[in-house]
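Input: a single structure, listed below in structure tokens.
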Amino acid sequence: MAPQYKDKDGGVVFTFNGSWVSWAHTVIAYTAFLSALAVGIHLHYHKIVQNEFYGYPDEWFPSVSATIGDRYPERSFFMIFIAITSGPRFALVGLWYLLTRKPNQRLPGFVAFMGVFRTLTCGGWTYITSTDDHDWHDILMISYIVATLPWTTGCIALSPPNPQAIKYRKYLAGAFFGTLVPLVYFFIQHKVHRVAGAYTTYAFFEWALILFDVAFDAVTALDFATFEVMVRDVKGSSKGENRSDVPSAVLEKEKEKATGGLLALPFTWTQALDTAADVYHGFVFWSMLTSLGVVIWYFPLWHMGISGFEAFVMSTVSPFLLGIGPLRSLVTSNLRIVHLLSLVGVASYLVVDQVQRLIAVGFGVAMACLGWAATLHTETALDVRFESKVLGWMIGLILSSTAKFAWYTNNPIWPIMHAENGGWNLSGLIVGVLAALRFTRRAPLTSGYAPTQALPGSALLSACGVGGLFFGLHSLLSDTSTMILWVWEGFPIRGPYFSTHGWFTIAAMSLGLFAGVFRPNLAGSWPTYAAGTVGAMLLTFYSHWTGFYGGLALAAYLMAASVPILSNAARRSPTVTFGLGFLIYNFMVLFHVWVVAYAFVPGGPLVREHTDWIMITMMVLLGAGVYDHNASLHRSAPGRRPSPSQHRKYFGLSTIIVNVLFLCAAFRRFPANDYKPYHANDRLLTAGIWTVHFSLDNNMWSSEYRMRDLIKELEVDVIGLLESDLQRIIMGNRDTTQFLAEDLGMYVDYGPGPNKHTWGAALLSKFPIVESKHHLLPSPVGELAPAIHATLDVYGQLVDVFVFHSGQEEDPEDRRLQSEYLAELMGSTPRPSILLSYLVTKPLKGNYNNYVSKKSGMHDVDPSDWDRWCEYILFKGLKRVGYARVSRHTITDTELQVAKFVIPQSEGESLALESLSDEQRNRRVKEEEVPEGWRFPALFRGQGVRGHRYHVFKEPRYYDAGQQ
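Reminder that position 150 of the sequence shown reads as 150 in the UniProt record's numbering, one-by-one numbering, no gaps.
Following this line, the structure appears as structure tokens:
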């Protein structure tokens, strides 16, 4: 092309229009992908449509990753052209920066940085395939997708006044992010549910994502038409001149609407640091509050009854101290000291002694509740500061739930965590000190009670609202898997799954919170309360997706209602609203415990199994808060001046960042479902039963890592865990099975959910769980006895596994009824079966003869083992080849029992095993007489490792499996 300005600028020898950079980028990028697709289909069609489960004709279109990364020469076509694309790509980012930069604006530089970062990460996941290094491929791919959000929204926010370009960007960005939803859905259908053809549908959405991504950047051709390279702006767009027929104000509003204004606000480090400090300090509060129940629970757990340490639950009522005049003045004048003292709860991990650690946590929680109540009350004089504190408090809860998801339902700064089990306590403490200093950098606006004593309404009703609100937030929203496990009913999966749908809860919480901020009167209205009540009802009485949708509605409502309820409470006497409010919250916590712990507390049978009563009480309390909010709203003086919105944008951006962090963790935790047993060549199944005592070891540390190590070293393929339901406030709303399943590569059935009022039974399996059903066995007097009946696909044969926890010794009639129920249940299946159980009976006596009987068809793994009372393994239709008992050390109070079985090749072989006499079936042999693959690990012989060793027998027992 001839230089347009050759005569005017004699040094210019070549020019071209800037739009050619965009077209070159678009054409070469599309060529890279489409050439690989064409070559792949031509040369390796059947191979690239084949996935881990299905091939042609069930799957008939290849995914992007299979096309570009698996085979030669299509991989080479793609890599060559994508390398060529990098030149125009860097030029595109550079021209965009030159076009959009303006004095005193940082956003163009940030967007340009994200553009360069995306380009580099694209090269990373392109040239490092999942076959080369799966972890780095995923890290770079996640980074690319995460960087796409600020790149697209930033480009929209910075768009020159070109209405056509703005329209295309909005449509393509919406299509890109909208495609992610069905993309994830069909990937779950393929990976988790193994639906034939789902991967082909997923592939189409994956290819659409590529097309939309490249097309979004192609729109720059409309803007770069103003450039000539060597770069000269011939139309003045970079100077902000408007050459379109649409007024600039209209276009700016369009851009503001498309980005929510988040990227248009002026950036200041002061505001950013204040926002980060508020959110992190809120995170620390929720971390300490949610840890209090766990460390209290340790004591009645090991005392097997009320210990007296339960009184520390009252740590939260410290705002009552604000009713004492001198103390109130002391607290409000020294809020920085109070908030810093609250960090004693975070530092408590340094205390080894369990009682002293509990005291430290209780003190920290007391200071935190006192400090937050006083802070909110003193900040009510200025809307902006007050709203910032409320937003920081509530987004801190969202961040806490996100951290728990990333740490498999443990919080990394809890006092039950330390470096040995994944804790980040020291880092959390250091950041906590800095956040507390920043959080309290401004002096309180009032030194005592704010002048709001004439506010109409009732402080008592407001306190009820605070109590119901904090109980709802803590019991249901402090972990994203809680409500999912409420509606969980086993396999096949018919509802949400904790690792793939947890973000739905975070999204509902985020949307609800900002709905409450922007429309507080609507959030505090009766119609919205009615919607929240319907959600609570659906969550309580329905399972699967219906119940979960109700839970999402309730989550959004609780977060929305927090704004008007806390705003109303803070303007009254904090002694009543927060002191009494936390007292009501404590009552709800005890109520929440007693519905399942009724056998151990005075008056417990009165509330036995009444989670529905808890939900009703919670909603009544919230209704009292709503009533008081409306009373004060309707009868008070004219409305307060709305606060400026800039701080809201910072908190909105921080919420988006937290959501993105959650999605990154969710991508990392996505189930692989490629699990393999330890000894597949021997058709061996190693089964275990373990009562894990709620995953707290003898020293009050979370025990998942130690449990993981022992299960892995014993090469257990299928294990039943008992006393495993941790989804309650007193247990931290945790779920040990998530970490164990994902770390060990196992499928997991949580068993009866937390709303089923049991202490829990769970099943983990290296083999696919074809179907599972949950049972609550007859328990007219004592605690409920949970059971799981699961059917596994073991080397192509269906095997039934039962996991069962019997009632307590104090309730003999319960145990008799349960033994008869389970015997009938086990006898109802003709398939080979295993029982992994806690039976509370002596061998060969009493109810034992119901479990081991003609009715059940089950045999004892070793009838000569007389030293048992609780744990038993029974079986039928299988070759039992080994049995061992392994000491627990300090992990729990019960040993791990393990048995090895060889899976029959056919139904006839299984029937032949059942025809053996007891003498033949139980004939023991020496270890050297069994194949090496059948033997237990030698690691635990003698003194063993880490306190784990073969005990009782001193060595494993082996049995003759050959007589038929």
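Every residue gets a Cβ at the ideal spot worked out from N, C-alpha and C, and that includes glycine.
Tell me residue i's beta-bridge partners as DSSP assigns them.
{"i": "residue 805", "result": "838"}
{"i": "residue 786", "result": "776"}
{"i": "residue 900", "result": "686 and 882"}
{"i": "residue 16", "result": "229"}
{"i": "residue 721", "result": "690 and 762"}
{"i": "residue 875", "result": "834 and 859"}
{"i": "residue 387", "result": "DSSP output for residue 387 lists no bridge partner at all."}
{"i": "residue 957", "result": "883"}
{"i": "residue 769", "result": "792"}
{"i": "residue 800", "result": "791 and 833"}
{"i": "residue 749", "result": "763"}
{"i": "residue 702", "result": "696"}
{"i": "residue 924", "result": "959"}
{"i": "residue 950", "result": "886"}
{"i": "residue 945", "result": "948"}
Given a cut-off of 8 Å on the beta-carbon distance, is the pair residue i and residue j in contact?
{"i": "residue 498", "j": "residue 399", "result": "no"}
{"i": "residue 949", "j": "residue 936", "result": "no"}
{"i": "residue 965", "j": "residue 554", "result": "Here the chain covers residues 1 to 964 and nothing more, so residue 965 does not appear."}
{"i": "residue 691", "j": "residue 892", "result": "yes"}
{"i": "residue 995", "j": "residue 873", "result": "Since the first residue of the chain shown is 1 and the last is 964, residue 995 is not available in this structure."}
{"i": "residue 348", "j": "residue 366", "result": "no"}
{"i": "residue 167", "j": "residue 156", "result": "no"}
{"i": "residue 715", "j": "residue 675", "result": "no"}
{"i": "residue 561", "j": "residue 536", "result": "no"}
{"i": "residue 344", "j": "residue 364", "result": "yes"}
{"i": "residue 848", "j": "residue 842", "result": "yes"}
{"i": "residue 288", "j": "residue 586", "result": "no"}
{"i": "residue 411", "j": "residue 403", "result": "yes"}
{"i": "residue 878", "j": "residue 689", "result": "no"}
{"i": "residue 143", "j": "residue 129", "result": "no"}
Taking residue i and residue j to be in contact with their CB atoms under 8 Å, please state how far apart those CB atoms are, rounded to whole angstroms.
{"i": "residue 768", "j": "residue 793", "result": "5 Å"}
{"i": "residue 438", "j": "residue 277", "result": "4 Å"}
{"i": "residue 763", "j": "residue 720", "result": "6 Å"}
{"i": "residue 74", "j": "residue 68", "result": "7 Å"}
{"i": "residue 32", "j": "residue 48", "result": "Incorrect: roughly 16 Å between the Cβ atoms, too far for contact."}
{"i": "residue 631", "j": "residue 457", "result": "4 Å"}
Roughly how many angstroms separate the alpha carbons of residue i and residue j, rounded to a whole number?
{"i": "residue 730", "j": "residue 926", "result": "47 Å"}
{"i": "residue 160", "j": "residue 174", "result": "19 Å"}
{"i": "residue 957", "j": "residue 809", "result": "29 Å"}
{"i": "residue 945", "j": "residue 743", "result": "21 Å"}
{"i": "residue 641", "j": "residue 573", "result": "With a pLDDT of 45 at residue 641, under the threshold of 50, the modelled position of this residue cannot be trusted; read the value that follows with caution. The alpha-carbon atoms of residue 641 and residue 573 are separated by roughly 22 Å."}
{"i": "residue 816", "j": "residue 779", "result": "10 Å"}
{"i": "residue 434", "j": "residue 336", "result": "11 Å"}
{"i": "residue 177", "j": "residue 520", "result": "29 Å"}
{"i": "residue 95", "j": "residue 63", "result": "33 Å"}
{"i": "residue 797", "j": "residue 685", "result": "12 Å"}
{"i": "residue 700", "j": "residue 304", "result": "15 Å"}
{"i": "residue 602", "j": "residue 559", "result": "34 Å"}
{"i": "residue 307", "j": "residue 301", "result": "9 Å"}
{"i": "residue 569", "j": "residue 661", "result": "32 Å"}
{"i": "residue 819", "j": "residue 757", "result": "20 Å"}
{"i": "residue 331", "j": "residue 338", "result": "7 Å"}
{"i": "residue 393", "j": "residue 754", "result": "27 Å"}
Segment contact flag, the region 621-633 with the region 557-575, C-beta cutoff 8 Å, min 3 pairs: Contact holds between the region 621-633 and the region 557-575, because three or more Cβ pairs, one in each stretch, are under 8 Å apart.
Does the structure place the region 289-303 close enough to the region 401-418 that three or more beta carbon pairs sit under 8 Å? With three or more CB-CB distances shorter than 8 Å, the region 401-418 counts as touching the region 289-303.
Three or more C-beta pairs under 8 Å: does that hold for the region 87-94 against the region 105-120? Verdict: yes, contact present.
If you pair each beta-carbon of the region 478-497 with each one of the region 743-761, do three or more pairs fall below 8 Å? Because the criterion of three Cβ pairs below 8 Å is met, the region 478-497 and the region 743-761 touch.
Quick one: any contact between the region 724-738 and the region 899-918, if contact means 3 or more CB pairs under 8 Å? Taking 8 Å as the limit for Cβ pairs, the verdict is that the region 899-918 does not touch the region 724-738.
Closer than 8 Å is the cut-off here; do at least three beta carbon pairs connect the region 104-112 with the region 146-154? Yes, since at least three Cβ pairs between the region 104-112 and the region 146-154 fall closer than 8 Å, the two stretches touch.
Between the region 575-585 and the region 307-320, do three or more beta carbon pairs fall short of 8 Å? Touching, yes, given that three or more Cβ pairs across the two stretches are closer than 8 Å.
Three or more C-beta pairs closer than 8 Å, one from the region 213-224 and one from the region 23-39: is that the case here? Of all C-beta pairs linking the region 213-224 to the region 23-39, three or more are shorter than 8 Å, placing the two stretches in contact.
Quick check: the region 196-205 against the region 51-61, are there 3 or more CB pairs under 8 Å? By the Cβ criterion, the region 196-205 is in contact with the region 51-61, since at least three pairs of Cβ atoms, one from each stretch, lie closer than 8 Å.
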